[in-house]
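For the sequence shown, our numbering assigns the number 3 to the initial residue and increments by one for each residue that follows.
Ideal Cβ positions, reconstructed from N, Cα and C, are used throughout, including at glycine.
Before any comments, here is the structure.
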Amino acid sequence: MPQPILYYSTNRNAPKVTFGEALLKGLAPDRGLYMPDHIPVIDQSTLSNLQGKSYPEVAFVIARNMLQGEIAVDVLEKLVKDAYNFEVPLERVYHRNYIMRLDRGPTASFKDFAARMMGRLMQHFLKQQNRKMLILTATSGDTGSAIANAFYGLDNINVVILYPENEVTPRQRKQMTTLRHNISIIALNGKFDDCQALVKQAFNDPELDYLGLSSANSINIGRLIPQSFYYFYAWSQLAKPGEEMIFAIPSGNFGNMMGGLLARKMGLPVRKFIIATNENDEVPVYWKTGDYKAIVPSRSCISSAMNVGHPSNIARVVALYGGIMDENGNITQQPDVEQMHRDIYAVSVTDKHTTEIMRDVYNRHQVTLEPHGAAGWAGLMNFFNRFPDEDKAESLAVCLETAHPAKFPDEIRTHLDVDPALPPALEGLDNREEFFEKLDNNYAHFKAWLTGKF
Ligand SMILES: *Cc1c(COP(=O)(O)O)cnc(C)c1O
């Protein structure tokens with residue numbers, strides 16, 4: 003097998019590891035995030051051969067490129083086919099501007115793409131090493147349900163998920179709390195950032211080492227690599243040979259965008275990434291001023307999965323452009339800011355503008371977007387307004403829709419006056435019994451709960 007890629011920590015103070023190790027560790031021992039020390043470029047003929055291929059076919063080629071030497075090719079191919087057994091619609095809005103619907107997986111969120119692949123990869127490496135682990139994850143809604151669903155029923159893995167009590171929709175909650183078996187759910191009296199802080203503290207607590215903790219958050223490199231596949235897929239279905247395209251990405255923790263940046267490093271022809279945040283605008287402000295400052299506490303917006311005041315993956319973006327940012331957001335080595343700005347356009351979208359865009363796209367083009375996708379579309383429109391030459395009939399742009407509109411029925415009803423049809427994945431949830439623990443935002447209590455249970 004070829005030499006595997008090694009992964010370094012963004013804090014540059016931990017040994018390099020293989021993908022298998024980075025996947026099972028989650029966070030590096032120096033609290034940094036793992037990043038590939040090089041990214042193999044996919045050659046032109048392999049790239050052109052992707053055109054018109056199915057999703058699992060495209061995903062396999064990209065996965066093989068990143069995981070060479072780590073896992074047998076036939077095992078990987080089977081794993082990819084098994085993970086991606088649902089459709090990925092590309093819907094034209096106007097000109098060659100599209101919506102890619104990443105909402106047809108088992109929990110109707112784009113996080114299924116990463117979670118299903120990561121669960122299967124972890125299972126593979128754990129079985130190989132005859133090990134067990136406890137996955138500990140903070141969620142603002144969609145990660146939790148995707149992780150719970152992807153890991154449900156696996157033998158070597160227990161899962162604990164913390165969510166902010168008042169920040170997830172009832173439907174998101176039920177997708178987590180109705181499973182049981184190896185899945186435990188905690189409703190925290192706090193915000194998403196508090197959940198994330200407790201998880202981080204547990205990871206750094208030597209007294210919890212015996213649990214074999216690992217993270218399935220977007221800090222895990224095992225989630226980022228699968229998030230590069232759908233960028234290649236969109237290109238393979240829509241682009242002319244060699245054509246560059248634009249992607250618009252509704253962003254919170256910036257894992258989705260990191261997948262896109264990895265895809266570009268692998269040779270995908272991308273002219274611009276447009277990242278749209280909600281009113282948590284620390285990254286667009288950083289783009290504008292060069293000063294990065296976390297927003298504490300994070301602001302509550304209708305695109306709730308994007309209510310992140312200090313996105314962990316921003317350290318990876320900085321690393322990809324040659325800089326160093328620690329876990330607290332301090333930049334100790336400047337990245338190539340000019341290149342960052344050439345590649346990525348950052349914009350913050352208010353709630354008011356998000357709902358205006360939901361209505362506008364629906365009335366004008368009969369396309370239904372929920373608040374996250376609408377923020378992404380608003381970002382694209384903002385880019386076109388600023389650079390009108392970019393909005394040409396012949397150029398190609400894709401906005402990622404990250405959740406199914408039926409997951410946000412109140413917003414859709416209020417602003418579009420329609421009742422979004424439920425995808426099969428979400429049917430029947432309302433009648434199931436829920437099981438969860440309530441905890442206050444206190445590390446000692448959380449730790450006592452963990453050690454009592456496992
Ligand atoms: C998680 C999530 C996002 C944000 O993705 P990041 O990778 O954290 O930037 C956007 N929309 C939805 C629906 C999500 O669940």
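Annotation for THR109: no alpha helix (DSSP H) segment contains it, and DSSP assigns it neither H nor E.
For the 9 Å CB-CB criterion, ASN67 and PRO42 form a contact. Beta-bridge analysis with DSSP links ASN160 to LEU136.
Under DSSP, ASP207 takes part in no beta bridge, so it has no partner.
Three or more Cβ pairs drawn from the region 233-249 and the region 264-277 lie within less than 8 Å of each other, which places the two stretches in contact.
Cα atoms of GLY224 and ALA24: separation of roughly 8 Å, rounded to the nearest angstrom. Within its own chain, the residues whose Cβ lies closer than 6 Å to the Cβ of SER305, once the five positions on either side in sequence are excluded, are ASN280, PRO373, HIS374, ALA377, listed in chain order. MET308 has its Cβ nearer than 8 Å to a heavy atom of ligand 1.
Straight-line spacing of the CA atoms in ASN444 and ILE248 works out to 43 Å. Residues ASN280, GLU281, ASN282, ASN309, GLY311 of the same chain have their beta carbon placed closer than 8 Å to that of ARG301, with the five preceding and five following residues left out of the count. Of all alpha-carbon atoms in ASN384, LYS440, VAL320, the one lying nearest the alpha-carbon of ASN13 is that of VAL320. Nearest in C-alpha terms to ASN158, of all of ILE137, PRO172, GLY254, is ILE137. Secondary-structure assignment with DSSP links LEU382 through no beta bridge to anything. In terms of Cβ geometry, ARG361 and HIS447 do not form a close pair [threshold 9 Å].
Take ASP338, set aside five residues on each side of it, and the residues of its chain with a beta-carbon closer than 7 Å to its own are TYR323, GLY324, in chain order. Counting along the chain, the unbroken alpha helix (DSSP H) around MET68 starts and ends at 57-69.
Counting only residues of its own chain and dropping the five nearest sequence neighbours on each side, LEU49 has a CB closer than 7 Å to the CB of GLY269. Rounded to whole angstroms, the gap between the alpha carbons of ALA152 and VAL19 is 25 Å.
In the DSSP assignment, ASN387 is bridged to no other residue. Within the same chain, Cβ atoms closer than 8 Å to the Cβ of PRO243 are found at SER50, GLN53, the five residues on either side in sequence being excluded. If one requires a minimum length of 4 residues, the alpha helix (DSSP H) runs lying completely within the region 337-362 are 339-345, in chain order. Pairwise C-beta distances place the region 119-129 in contact with the region 67-86, as three or more of them are shorter than 8 Å. The DSSP assignment places 284-291, 316-322, 339-345 as complete runs of the alpha helix (DSSP H) inside the region 271-347, in order along the chain (cut-off: 4 residues). Contact between the region 169-178 and the region 137-149 is present: three or more C-beta pairs spanning the two stretches fall below 8 Å. Shown here for SER111: same chain residues with a beta carbon closer than 6 Å to its own, the five before and five after excluded, namely ASP144, ALA148, ALA405 in chain order. If the five residues before and after THR334 are omitted, its C-beta is found closer than 6 Å to the C-beta atoms of ILE326, all from its own chain and listed in chain order. VAL75 counts as exposed, since fewer than 16 other C-beta atoms from the protein chains shown sit within 10 angstroms of its C-beta.
In this structure LEU8 touches ASP39 by the C-beta definition: roughly 5 Å separates them, less than 8 Å. Inter-segment contact for the region 181-188 and the region 424-439 is present: three or more beta-carbon pairs are separated by less than 8 Å.
In this structure, ARG106 sits near VAL90, with a CB-CB distance shorter than 9 Å. The alpha-carbon of PRO390 is positioned some 19 Å away from that of ARG366. If you check the C-beta of HIS374 against ligand 1, you find a heavy atom less than 8 Å away. Between ligand 1 and the CB of ASP144, the shortest heavy atom gap is smaller than 8 Å. Taking C-beta separations shorter than 7 Å and ignoring five residues to either side along the sequence, the partners of GLN203 in its chain run TYR445, following chain order. Straight-line measurement puts the Cα of ILE163 at about 17 Å from the Cα of LYS134. For PRO313, the shortest separation between its Cβ and any heavy atom of ligand 1 lies below 8 Å.
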